[in-house]
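Have a look at the structure below before the remarks.
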Amino acid sequence: MLGRRIAFLTVASTVVHSRDPELLHAMKNAQAFLNGLAGEQWSRLIGGRFT
Numbered sequence: 000m001l002g003r004r005i006a007f008l009t010v011a012s013t014v015v016h017s018r019d020p021e022l023l024h025a026m027k028n029a030q031a032f033l034n035g036l037a038g039e040q041w042s043r044l045i046g047g048r049f050t
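With numbering that gives the first Met the number 0 applied, the sequence shown corresponds to residues 0 to 50, in that order.
If you want it as structure tokens, here you go:
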């Protein structure tokens, strides 16, 4: 695909930072639950229509 100049990009991502290795381990192994943060709002960058 590099020869054809094709790239796959994600529309959303998550950044996790912690000094607790158990928390990082849970995040890497899909054992953690993430919820919206205070002040977070809908964005066209995430996709879909807000109506």
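Beta carbons are placed, not taken as given, at the ideal position from N, Cα and C, and that holds for glycine.
State the Cα-Cα distance for the pair residue i and residue j, rounded to the nearest angstrom.
i          : j          : result
residue 22 : residue 6  : 32 Å
residue 28 : residue 9  : 19 Å
residue 34 : residue 13 : 11 Å
residue 19 : residue 4  : 40 Å
Sorted by chain position, which residues of the same chain lie with C-beta nearer than 7 Å to residue i's C-beta, five sequence neighbours on each side aside?
i          : result
residue 26 : 15
Among residues of its own chain, excluding the 5 on either side of residue i, which ones have a beta-carbon nearer than 6 Å to its beta-carbon?
i          : result
residue 17 : 23
Short of 8 Å in beta carbon distance, which residues of its chain neighbour residue i, apart from the five on each side in sequence? Order them along the chain.
i          : result
residue 31 : 22 and 25
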